[in-house]
Amino acid sequence: MAETDPRNVTEKGSGAARADDAAADAPGDVRPGEDRRARREKLLDEAVEETFPASDPISPA
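When the count follows my numbering, it moves up by one through the sequence shown with no breaks and lands on 199 for the last residue.
Structure, rendered in structure tokens:
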């Protein structure tokens, strides 16, 4: 029985993306001088967008 390479598995759905692509777009560590409020808003917006189904709680980290 052949195993599926997890790097080649894509999610199903309208917002489907490969996990490595999503990780590459994820914000990294806080940088000196970065606007923390804008960063927090961006993280929250992303968490809301990625939440499915809508009844699941978000985790904006």
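Beta carbons are placed, not taken as given, at the ideal position from N, Cα and C, and that holds for glycine.
E184 is positioned such that its CB atom lies closer than 9 Å to that of P198. The three-state secondary structure of E172, taken from DSSP, is coil. Sequence-distant Cβ neighbours of V168 in its own chain, meaning closer than 8 Å and more than five residues away, are R174 and R177.
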